[in-house]
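Beneath this line is the structure, given in structure tokens, with notes to follow.
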Amino acid sequence: MPTALITGASHGLGRAAARALARLGWSLIVDARGPVDLADAVHGFPHVTAIPGDVTDAKHRAQLAAAAADSLGQLDLLVNNASTLGTSPLPPLRDYDLGELRRVYETNVLAPLALVQLLAAPLAAAAGVVVNVSSDAAVEPYPGWGGYGSSKAALDQITAVLAAEEPELLCYAFDPGDMRTRMHQAAFPEEDISDRPEPEAVVPALLRLISERPPSGRYQASDLLAQSPAEVPA
Ligand SMILES: NC(=O)c1ccc[n+]([C@@H]2O[C@H](COP(=O)([O-])OP(=O)(O)OC[C@H]3O[C@@H](n4cnc5c(N)ncnc54)[C@H](OP(=O)(O)O)[C@@H]3O)[C@@H](O)[C@H]2O)c1
149 MPTALITGAS HGLGRAAARA LARLGWSLIV DARGPVDLAD AVHGFPHVTA IPGDVTDAKH
209 RAQLAAAAAD SLGQLDLLVN NASTLGTSPL PPLRDYDLGE LRRVYETNVL APLALVQLLA
269 APLAAAAGVV VNVSSDAAVE PYPGWGGYGS SKAALDQITA VLAAEEPELL CYAFDPGDMR
329 TRMHQAAFPE EDISDRPEPE AVVPALLRLI SERPPSGRYQ ASDLLAQSPA EVPA
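According to the working numbering, the sequence shown is numbered sequentially starting from 149.
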């Protein structure tokens with residue numbers, strides 16, 4: 149039975165991905181800070197270890213790694229999905245509080261890398277996959293998105309360098325596109341976001357990456373969903 153660790157699995161994309169993988173028979177290790185919502189999200193999953201905590205906390209990350217070590221020393225998939233938008237409404241860079249920016253980088257850049265460092269051996273043992281969830285804000289200079297966007301740009305570059313340094317792993321930066329989630333509502337506090345797709349609509353693109361195993365790189369969900377199977381590089 150393949151094993152995945154998904155961070156931020158109580159809501160949004162993480163929750164939808166965990167649900168899909170559980171249905172496909174995966175064993176899961178999941179986290180989120182809120183224990184009640186996390187327990188609710190994974191209720192009824194046959195093989196799940198839910199560990200409430202904050203990815204920026206080194207002790208919590210060690211607990212996640214210990215759970216992965218219990219899975220025969222092999223981890224097939226790490227999805228670094230937990231993320232913070234930072235201050236809402238999104239401030240321009242000239243006003244960005246640097247303490248807040250540090251928190252954004254701790255969550256969106258350092259924590260994902262720390263988990264890769266802790267889990268590199270069990271991932272390599274399984275010829276595993278790392279999915280770092282990115283954003284179009286990593287590549288587009290939207291006003292107000294400089295804090296979050298630059299953190300995702302850093303995560304993209306970390307993903308690319310990891311792919312070059314760790315040839316036994318597949319390392320993907322995965323841009324899911326807009327989704328109707330709590331984070332998206334926080335980014336557009338005054339807007340009706342009911343026209344954005346549910347995160348469940350993006351999960352088939354994630355499953356495609358995991359099952360078809362194209363070369364390491366940056367992938368957009370919209371491209372993956374538009375391609376026929378033959379078009380995905382083998
Ligand atoms: N929604 C979009 O339109 C959009 C677009 C582009 C990219 N993305 C990316 O997609 C991913 C998922 O976003 P989403 O929209 O699904 O977000 P979401 O609905 O806000 O869910 C975020 C999840 O992460 C958890 N989380 C947040 N901070 C955490 C921390 N420090 N430690 C552990 N868990 C934490 C949350 O639970 P707790 O709050 O209980 O911890 C929750 O389960 C993120 O990487 C985001 O940057 C989203």
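Cβ atoms here follow ideal geometry from the backbone N, Cα and C, with glycine treated the same way.
Given the structure is predicted, the values throughout are model-derived calculations rather than measurements.
Cα-Cα separation, residue i to residue j
i           : j           : result
residue 204 : residue 258 : 8 angstroms
residue 173 : residue 181 : 25 angstroms
residue 251 : residue 208 : 16 angstroms
residue 365 : residue 320 : 5 angstroms
residue 158 : residue 278 : 20 angstroms
residue 237 : residue 337 : 7 angstroms
residue 293 : residue 287 : 11 angstroms
residue 212 : residue 355 : 22 angstroms
residue 244 : residue 289 : 15 angstroms
Distance CB(residue i)-CB(residue j) smaller than 9 angstroms
i           : j           : result
residue 285 : residue 255 : no
residue 334 : residue 350 : no
residue 218 : residue 199 : no
residue 347 : residue 373 : no
residue 170 : residue 176 : yes
residue 150 : residue 274 : yes
residue 263 : residue 226 : yes
residue 357 : residue 322 : yes
residue 345 : residue 327 : yes
For residue i, three-class secondary structure by DSSP
i           : result
residue 152 : strand
residue 189 : helix
residue 230 : coil
residue 366 : strand
residue 198 : strand
residue 263 : helix
residue 175 : strand
residue 220 : coil
residue 184 : helix
residue 246 : helix
residue 252 : helix
residue 271 : helix
residue 351 : helix
Among the options, nearest to residue i - alpha-carbon criterion
i           : options            : result
residue 214 : 295, 266, 305      : 266
residue 192 : 202, 167, 216      : 167
residue 185 : 194, 171, 201      : 201
residue 296 : 155, 235, 313, 316 : 235
residue 282 : 361, 228, 276      : 228
- Query: Considering only residues of the region 306-346, which uninterrupted alpha helix (DSSP H) runs meet the minimum length of 4 residues and lie entirely inside it, listed in chain order?
  - Reply: DSSP runs (the alpha helix (DSSP H)) wholly in the region 306-346: 330-335.
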